[in-house]
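Student:
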Amino acid sequence: MEKFTTLQDTAVPLEVENIDTDQIIPARFLKATDKAGFGENLFKDWRFDKDGKPVEDFSLNQDQYSGQILIAGNNFGCGSSREHAAWALKAYGFKVVVSSYFADIFKGNALNNGLLPVQVSPEFLDELFLAIKKDNKESFKVDLENQKIQIISSGKSENFAIDAYKKTCLINGFDDIEFLVSKLDAIKKFEEKQTQMREAAIQE
Amino acid sequence: MKKTLFDKIWDAHVVESIPDGPDILYIDQHLIHEVTSPQAFNELKEREIPVFRPNKIVATADHNTPTENQHLPVKDLLSRKQLKELSQNCEENNITLYGLGHPYNGIVHVMAPELGITQPGKTMVCGDSHTSTHGAFGAIAFGIGTSQVTQVFASQCLLVEKPKRLRVNVNGDLRKGVTPKDVILYVISKLGTNSGTGYFCEYAGDVFENMSMEGRMTVCNMSIEMGARGGLIAPDQTTYDYVEGREFAPKGEEFDKLKAYWETLKTDEGAEFDQEYSFDAEDIEPMITYGTNPGMGIKITGAIPVEGGKSDAKALSYMGFKPGESLIDKPINYIFIGSCTNSRIEDFRMAASYIKGKKKAENVNALIVPGSRQVAAQIQEEGLDKVFEEAGFRLRQPGCSACLAMNDDKIPEGEYCVSTSNRNFEGRQGQGSRTILASPLTAAATAVAGKITDFTKSLN
Numbered sequence: 159m160e161k162f163t164t165l166q167d168t169a170v171p172l173e174v175e176n177i178d179t180d181q182i183i184p185a186r187f188l189k190a191t192d193k194a195g196f197g198e199n200l201f202k203d204w205r206f207d208k209d210g211k212p213v214e215d216f217s218l219n220q221d222q223y224s225g226q227i228l229i230a231g232n233n234f235g236c237g238s239s240r241e242h243a244a245w246a247l248k249a250y251g252f253k254v255v256v257s258s259y260f261a262d263i264f265k266g267n268a269l270n271n272g273l274l275p276v277q278v279s280p281e282f283l284d285e286l287f288l289a290i291k292k293d294n295k296e297s298f299k300v301d302l303e304n305q306k307i308q309i310i311s312s313g314k315s316e317n318f319a320i321d322a323y324k325k326t327c328l329i330n331g332f333d334d335i336e337f338l339v340s341k342l343d344a345i346k347k348f349e350e351k352q353t354q355m356r357e358a359a360i361q362e
Numbered sequence: 003m004k005k006t007l008f009d010k011i012w013d014a015h016v017v018e019s020i021p022d023g024p025d026i027l028y029i030d031q032h033l034i035h036e037v038t039s040p041q042a043f044n045e046l047k048e049r050e051i052p053v054f055r056p057n058k059i060v061a062t063a064d065h066n067t068p069t070e071n072q073h074l075p076v077k078d079l080l081s082r083k084q085l086k087e088l089s090q091n092c093e094e095n096n097i098t099l100y101g102l103g104h105p106y107n108g109i110v111h112v113m114a115p116e117l118g119i120t121q122p123g124k125t126m127v128c129g130d131s132h133t134s135t136h137g138a139f140g141a142i143a144f145g146i147g148t149s150q151v152t153q154v155f156a157s158q159c160l161l162v163e164k165p166k167r168l169r170v171n172v173n174g175d176l177r178k179g180v181t182p183k184d185v186i187l188y189v190i191s192k193l194g195t196n197s198g199t200g201y202f203c204e205y206a207g208d209v210f211e212n213m214s215m216e217g218r219m220t221v222c223n224m225s226i227e228m229g230a231r232g233g234l235i236a237p238d239q240t241t242y243d244y245v246e247g248r249e250f251a252p253k254g255e256e257f258d259k260l261k262a263y264w265e266t267l268k269t270d271e272g273a274e275f276d277q278e279y280s281f282d283a284e285d286i287e288p289m290i291t292y293g294t295n296p297g298m299g300i301k302i303t304g305a306i307p308v309e310g311g312k313s314d315a316k317a318l319s320y321m322g323f324k325p326g327e328s329l330i331d332k333p334i335n336y337i338f339i340g341s342c343t344n345s346r347i348e349d350f351r352m353a354a355s356y357i358k359g360k361k362k363a364e365n366v367n368a369l370i371v372p373g374s375r376q377v378a379a380q381i382q383e384e385g386l387d388k389v390f391e392e393a394g395f396r397l398r399q400p401g402c403s404a405c406l407a408m409n410d411d412k413i414p415e416g417e418y419c420v421s422t423s424n425r426n427f428e429g430r431q432g433q434g435s436r437t438i439l440a441s442p443l444t445a446a447a448t449a450v451a452g453k454i455t456d457f458t459k460s461l462n
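In order, the protein sequences belong to chains A and B. Quick note: the first sequence uses our numbering, first residue 159, plus one each step. Quick note: the second sequence uses our numbering, first residue 3, plus one each step.
1. In chain order, what residues of the same chain lie with their CB nearer than 6 Å to the CB of G434 (chain B), ignoring the 5 residues before and after it?
2. Which residues does DSSP pair with R436 (chain B) in a beta bridge?
3. Measure how close the beta-carbons of A440 (chain B) and I334 (chain B) come, nearest whole angstrom, since I'm counting them as under 8 Å.
4. Would you mind working out which of B:C159, B:T67, B:H104 sits nearest Q31 (chain B), comparing C-alpha positions?
5. Any beta-carbon of chain A closer than 7 Å to the one on V17 (chain B)?
6. Scan the segment 274–307 of chain A for residues whose Cβ lies nearer than 8 Å to a Cβ of chain B and list them as they occur along the chain.
7. With a 10 Å radius around its C-beta and 16 neighbouring C-beta atoms as the bar for buried, classify V209 (chain B) as buried or exposed.
8. Could you tell me the boundaries of the beta strand (DSSP E) in which F338 (chain B) lies?
9. Contact between the segment 243–252 of chain B and the segment 361–381 of chain B: three or more CB pairs below 8 Å?
10. Does DSSP classify T332 (chain A) as helix, strand or coil?
11. Who are the neighbours of C159 (chain B) on chain A, taking C-beta pairs under 8 Å?
12. Out of B:A449, B:R396, B:G207, which one is the CA nearest neighbour of K360 (chain B)?
13. Going by the CB atoms, is the gap between Q277 (chain B) and Q72 (chain B) shorter than 7 Å?
14. Please classify S315 (chain A): does DSSP put it in a helix, a strand, or coil?
15. Against chain A, with Cβ distances strictly below 7 Å, would D22 (chain B) count as a contact?
16. Taking the beta carbon of A358 (chain A) as the centre, do at least 16 other beta carbons fall within 10 Å, making it buried, or is it exposed?
17. Nearest to V37 (chain B) by alpha carbon, out of B:H65, B:M224, B:K183?
18. At least one CB of chain B closer than 7 Å to the CB of S257 (chain A): is that the case?
19. Just confirm the distance between the C-beta atoms of I263 (chain A) and G147 (chain B), as a whole number of angstroms; I'd bet it's less than 8 Å.
20. So, using beta-carbon positions, are V377 (chain B) and I330 (chain B) closer together than 7 Å?
21. Does the CB of V127 (chain B) have a neighbour CB from chain A at under 7 Å?
22. Looking at chain A, is there any beta carbon in it that lies within less than 7 Å of the beta carbon of T195 (chain B)?
23. Taking only beta carbons into account, state which residues of the segment 26–38 of chain B come closer than 8 Å to chain A, listed in chain order.
24. Specify the secondary structure class of S19 (chain B) as computed by DSSP and reduced to three states.
25. I need the boundaries of the alpha helix (DSSP H) containing N367 (chain B), first residue and last residue.
26. Give a yes or no on whether 7 Å exceeds the smallest Cβ distance from P56 (chain B) to chain A.
27. Give the straight-line distance between the Cα atoms of I503 (chain B) and G299 (chain B), rounded to the nearest whole angstrom.
28. Thinking L7 (chain B) and L234 (chain B) are a contact (beta carbons under 8 Å), I'd like their distance in whole angstroms, please.
29. Applying the criterion that 16 or more other CB atoms from any shown protein chain within 10 Å of the CB defines a buried residue, is M3 (chain B) buried or exposed?
30. Could you check what DSSP says for Y205 (chain B) in three-state terms: helix, strand or coil?
31. Counting C-beta neighbours from all protein chains within 10 Å, is the total for D180 (chain A) 16 or more, i.e. buried, or is it exposed?
32. So which residues on chain B does S312 (chain A) lean against when the C-beta distance must stay under 9 Å?
33. Inspect the beta-carbon positions of R396 (chain B) and F275 (chain B) and report whether they are closer than 7 Å.
34. Pairs of beta-carbons, one from the segment 251–269 of chain A and one from the segment 219–232 of chain A, closer than 8 Å: are there three or more?
35. Tell me which residue opens and which closes the alpha helix (DSSP H) that F348 (chain A) is part of.
36. Less than 7 Å between the C-beta atoms of A29 (chain B) and V127 (chain B), yes or no?
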């Protein structure tokens with residue numbers, strides 16, 4: 159997995175709440191059997207009209223916005239568990255998604271792909287959108303080590319929470335698979351115990 | 003210590019807890035399908051890691067399969083390739099596959115319960131968010147991403163943070179025409195689409211106790227639509243009666259032994275929840291949605307709220323509705339009865355009981371898709387197919403179908419579809435389609451009237 163430590167960049171705003179993974183990557187693109195090529199279909203039906211022309215007022219199509227940070231409305235990534243959504247965001251070039259709330263499965267998928275979900279307060283999210291409105295070339299610094307996101311021009315910042323284990327994984331580029339495989343002995347022991355545990359529960 | 007049902011099952015599956023980190027949770031049953039597994043198999047191959055417990059995995063083909071002419075080669079080449087890879091991957095790794103045409107084939111969340119694979123007290127996962135369905139049996143079941151599918155392949159475990167505990171109580175008597183789908187749509191409309199995020203939800207109260215297993219599955223299925231990772235209902239006699247005798251259910255003495263364990267799976271009196279909500283059954287009426295997330299629901303006779311959330315204007319513009327508007331008499335040209343939410347035998351009995359002796363309206367295109375081959379067979383056995391055919395409904399072969407429109411079953415752009423599925427997201431049933439979520443009964447009544455109607459007046 160790609161490592162993540164800090165990132166300072168401009169951002170693309172997407173001020174819509176409850177963005178579901180069907181919007182991030184529509185189901186008709188889920189027929190692929192590898193992980194390549196999802197970036198071009200990211201937000202397909204919001205980015206392009208039915209004739210394939212770019213939708214002008216959609217922020218990803220607007221020249222004034224750029225950068226590897228996506229700032230989105232509350233409850234980002236709800237709905238389907240498709241990890242293709244995280245692959246699409248990553249392949250398009252995003253490294254960080256900021257929102258005031260993330261759906262559980264999307265959050266896990268993002269973390270498993272080196273895409274950092276940064277959850278901020280609703281108030282700070284408003285500040286972020288405002289900062290881009292004022293200056294679309296505003297930069298933001300995302301510091302994973304210190305769990306902090308900062309608006310560069312004003313210096314305003316907020317801390318964000320992340321599971322300590324997941325943080326270590328991201329900083330070092332570790333993923334869960336190797337770790338779990340290293341635990342196979344403990345897992346086999348657990349399997350042997352399972353029946354006894356059920357019997358003990360009945361006795362209680 | 004007093005424990006909730008959720009705690010009892012979770013704690014019994016923790017292999018190890020990582021300090022300041024997630025638990026290593028043992029998974030009893032892994033279900034897979036063609037769409038979210040190929041990349042996981044590829045990853046294993048690249049790393050040269052074998053599948054650890056192939057006998058704890060069952061595969062089905064459901065998401066992109068056609069619902070007509072399933073005996074012929076699949077027309078869509080990408081779908082065909084994906085299905086072929088599933089077959090190859092299962093064969094190479096000794097995984098049982100109930101592929102297209104197999105008598106056990108069906109939507110993963112319909113076929114596993116009906117085969118007795120789903121059982122109380124189990125931990126179950128699948129690369130599909132509606133895995134929450136299996137919680138109806140008093141199991142911990144939740145959807146996972148493809149990286150996690152890989153983890154379970156490699157270790158039969160997952161690294162997961164333990165969710166918080168939520169309980170939703172509904173007590174009282176349900177009114178005439180109010181179905182389990184209406185109950186869950188009502189709960190989500192009250193709590194919102196992200197109220198459950200970070201939680202596992204137990205449904206309690208006499209409304210759920212009195213529900214059939216099919217109804218409980220409908221409720222638990224939609225837990226994810228309020229953001230909850232999963233939902234569960236304590237197992238009881240209804241559960242045991244449903245499981246007993248099914249193909250892969252434990253038999254004889256083994257069943258009795260397990261049943262004794264299942265009977266311990268109840269939330270202890272006085273156990274604490276992190277969050278709790280209670281509703282009265284009498285307040286619930288048949289529900290429909292008006293927006294582009296499942297939380298945007300109203301009573302069928304109600305009006306679209308005038309003051310909504312931040313992005314409601316975008317949703318209403320997509321749907322072509324106005325704040326304050328009632329949807330009664332809105333012409334509807336498409337209805338879909340199917341999906342992992344409502345494609346079990348009871349759902350079709352419910353629809354058929356309303357349709358019997360009636361005809362669908364001229365303008366309506368009515369699609370009926372059973373959840374599995376076994377449900378399809380039962381529809382025929384009970385003669386429901388005749389009822390649907392005589393009323394002008396099209397009965398198809400099983401699959402996920404128009405719920406997510408990965409196959410040819412799509413709703414055309416701009417058209418409304420009253421659908422028994424679980425998501426009304428933009429374009430979910432086809433580009434530009436507009437979904438109105440409802441129960442099988444409401445969908446049947448809409449098909450007959452050709453418009454949204456307050457059918458409760460006509461119920462005996």
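In this text, a Cβ means the ideal position worked out from N, Cα and C, and glycines have one as well. These numbers come from a predicted model, not from an experiment.
Tutor: Let's see:
1. As a first step, residue 434 (chain B) is located in the second sequence; it is residue number 432 there, counting from the start. Contacts found: E415, G416.
2. To locate residue 436 (chain B), count along the second sequence from 1; it is residue 434. Beta-bridge pairing links R436 (chain B) to B:Y418.
3. By 1-based counting over the second sequence, the position of residue 440 (chain B) is 438. By 1-based counting over the second sequence, the position of residue 334 (chain B) is 332. Between I334 (chain B) and A440 (chain B) the Cβ distance is about 10 Å, and since that is not below 8 Å, they are no contact.
4. Sequence index remark: in the second sequence, residue 31 (chain B) carries index 29 (1-based). Residue B:C159 is the option with its Cα nearest to Q31 (chain B).
5. As a working note, residue 17 (chain B) is residue 15 in the second sequence. Yes - at least one Cβ of chain A is within 7 Å of the one on V17 (chain B).
6. none
7. Looking up residue 209 (chain B) in the second sequence gives position 207. Buried, by the Cβ-count rule.
8. Walking along the second sequence from the start, residue 338 (chain B) turns up at place 336. Taken as a continuous stretch (DSSP letters only), the beta strand (DSSP E) holding F338 (chain B) covers 336–339.
9. no
10. Your numbering for residue 332 (chain A) matches position 174 in the first sequence. In the sequence as displayed, the identity of residue 332 (chain A) is Phe instead of Thr. Three-state result, F332 (chain A): coil.
11. Counting from one through the second sequence, the residue named residue 159 (chain B) turns up at place 157. Per Cβ cutoff of 8 Å: L338, K341, I345.
12. Counting from 1 along the second sequence, the entry for residue 360 (chain B) is found at position 358. With distances taken between Cα atoms, K360 (chain B) lies closest to B:A449.
13. In the second sequence, the residue the question calls residue 72 (chain B) occupies position 70. In the second sequence, the residue the question calls residue 277 (chain B) occupies position 275. No.
14. As a position in the first sequence, residue 315 (chain A) is number 157, starting the count at 1. Strand at S315 (chain A).
15. Counting from one through the second sequence, the residue named residue 22 (chain B) turns up at place 20. It does; some Cβ of chain A falls within 7 Å.
16. Along the first sequence, read from residue 1 onward, the residue named residue 358 (chain A) stands at position 200. A358 (chain A) comes out exposed.
17. For the purposes of this step, residue 37 (chain B) is taken as residue 35 along the second sequence, with counting starting at 1. Minimum Cα distance to V37 (chain B) is reached at B:H65.
18. Taking the first sequence and counting its residues from 1, one reaches residue 257 (chain A) at position 99. Answer no: the Cβ-Cβ gap between S257 (chain A) and chain B never drops below 7 Å.
19. Here residue 263 (chain A) refers to the residue found at position 105 of the first sequence. Here residue 147 (chain B) refers to the residue found at position 145 of the second sequence. Rounded, the Cβ-Cβ distance is 6 Å, consistent with contact.
20. The residue given as residue 377 (chain B) occupies position 375 in the second sequence. The residue given as residue 330 (chain B) occupies position 328 in the second sequence. No, Cβ-Cβ distance for V377 (chain B) and I330 (chain B) is not below 7 Å.
21. Sequence index remark: in the second sequence, residue 127 (chain B) carries index 125 (1-based). No - not a single Cβ of chain A is within 7 Å of the one on V127 (chain B).
22. On the second sequence, position 193 is the one that residue 195 (chain B) refers to. Chain A, which has a Cβ nearer than 7 Å to the Cβ of T195 (chain B), makes this yes.
23. I26, Y28, V37, T38
24. Against the second sequence, residue 19 (chain B) aligns to sequence position 17. In the structure shown, S19 (chain B) sits in a strand (DSSP, three-state: E or B).
25. Within the second sequence, the letter at position 365 stands for residue 367 (chain B). Note, N367 (chain B): premise wrong, no alpha helix (DSSP H); beta strand (DSSP E) at 367–370.
26. As a working note, residue 56 (chain B) is residue 54 in the second sequence. P56 (chain B) does not count as touching chain A.
27. With chain B running from 3 to 462 in the structure shown, residue 503 (chain B) is simply not present.
28. In the second sequence, counting from the first residue as 1, residue 7 (chain B) sits at position 5. In the second sequence, counting from the first residue as 1, residue 234 (chain B) sits at position 232. L7 (chain B) to L234 (chain B), Cβ: 6 Å. Contact.
29. Within the second sequence, numbered from 1, the residue matching residue 3 (chain B) stands at position 1. Exposed, by the Cβ-count rule.
30. As a first step, residue 205 (chain B) must be located in the second sequence, where it is residue number 203. In this structure, Y205 (chain B) counts as strand in the three-state DSSP scheme.
31. Locating residue 180 (chain A) in the first sequence gives position 22, where the first residue counts as 1. With 16 or more other Cβ atoms within 10 Å, it is buried.
32. Within the first sequence, residue 312 (chain A) is the residue found at index 154, counting from 1. In chain order: nothing, as chain B lies at least about 24 Å away.
33. To locate residue 396 (chain B), count along the second sequence from 1; it is residue 394. To locate residue 275 (chain B), count along the second sequence from 1; it is residue 273. Contact flag unset, no.
34. yes
35. By one-based count along the first sequence, residue 348 (chain A) stands at place 190. Unbroken alpha helix (DSSP H) run through F348 (chain A): 342–361.
36. Residue numbering aside, residue 29 (chain B) sits at position 27 when the second sequence is read from its first letter. Residue numbering aside, residue 127 (chain B) sits at position 125 when the second sequence is read from its first letter. Going by the sequence as given, residue 29 (chain B) is Ile instead of Ala. Contact flag set, yes.
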